[in-house]
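In terms of the working numbering, the sequence shown opens at residue -9 and continues consecutively. By construction, the Cβ of each residue, glycine as well, lies at the ideal position given by its N, Cα and C atoms.
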Amino acid sequence: MAIRLGDIAPDFTAQTTEGTINFHEWLGDSWGMLFSHPADYTPVCTTELGRTAQLKNKFAEKNVKVLAVSVDDLDSHNGWINDINETQNTSVNFPIIADSDRNVASLYDMIHPNADNTLTVRSVFIIGPDKKVKLTLTYPASTGRNFDELLRVIDSLQLTANYSVATPADWKDGEDVVVAPAIPTEDIPERFPKGHKVIKPYLRTTPQPNK
């Protein structure tokens, strides 16, 4: 069954390159990014894991823990990490799940038979501190993920979780946001004292409230 937005992220216990973890317990009060890879020693994923390691501080600043999953075993993972560190000029500093039994891949519907019967598709799940799924993205094996976009989406998710706003197309952290339609225009000044602009009755913007 596919994981849908708002679902509780399935919990699991798994062996990783940083020891055994229980997923929900490991997340604690943090946000999480769980992302899958078809197999070890694959070229696009090598660049992705390297990029994730390079961005570890960016994720940490946003209170996001990152966790990768691949269907190979720990010995394979550890050898692959050496290659990632060498070729991407970084040091992998987050856990990679050894999912040889495909338990996690099955829980999160990461195997799509029409694409491949055995390899996981390259999925991303952003999970909130409430353990609910906030975002899902699925990429084909040939297309590398855009980590600037993932960080941008996390900024939006965290902002809109705390304020009655939405973020417009191509929004970046620090730019104006859209006031939620449920808020009457006459209530905006009290809710958003930085000012607002009425473009249409249903389209009102205001400066980002937490900046």
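- Counting C-beta pairs closer than 8 Å gives fewer than three between the stretch 59 to 75 and the stretch 180 to 200, which falls short of the contact rule.
- Boundaries of the beta strand (DSSP E) around N12: G9 to N12.
- The C-beta of G69 has fewer than 16 other C-beta atoms within 10 Å across all chains shown, which makes the residue exposed.
- When the beta-carbon positions are compared, T42 and V56 come within less than 7 Å of each other.
- Fewer than three beta-carbon pairs drawn from the stretch -5 to 9 and the stretch 26 to 40 are found closer than 8 Å, and the two stretches are therefore not classed as touching.
- The beta carbon of D19 lies closer than 6 Å to those of P119 in the same chain, with the five residues before and after it left out.
- Y192 is classed as exposed because its beta carbon has fewer than 16 other beta carbons within 10 Å across all chains shown.
- Contact between the stretch 77 to 97 and the stretch 157 to 172 is not established, with fewer than three Cβ pairs separated by less than 8 Å.
- Exclusion of the five residues before and after G22 leaves K55 and I117 as the residues of its chain whose Cβ lies within less than 6 Å of its Cβ.
- Taking the C-beta atoms as reference points, D166 is found nearer than 7 Å to P197.
- With contacts defined as CB atoms closer than 7 Å, I11 and K122 fail to qualify as a contacting pair.
- By the criterion of a C-beta distance shorter than 6 Å, A(-8) is surrounded in its chain by D99, once the five residues flanking it on both sides are discounted.
- Secondary structure at W70: helix, using DSSP grouped into helix, strand and coil.
- Listed in chain order, the non-local C-beta contacts of S146 below 6 Å within the same chain comprise T157, local neighbours out to five positions each way being set aside.
- Taking the C-beta atoms as reference points, I87 is found nearer than 7 Å to T6.
- Proximity to L(-5) across L45, V114 and V168 peaks at V114, based on C-alpha coordinates.
- Here G118 carries a coil assignment [DSSP, helix/strand/coil].
- Put simply, of H14, R92, N53 and G40 the residue whose alpha carbon is nearest the alpha carbon of G134 is G40.
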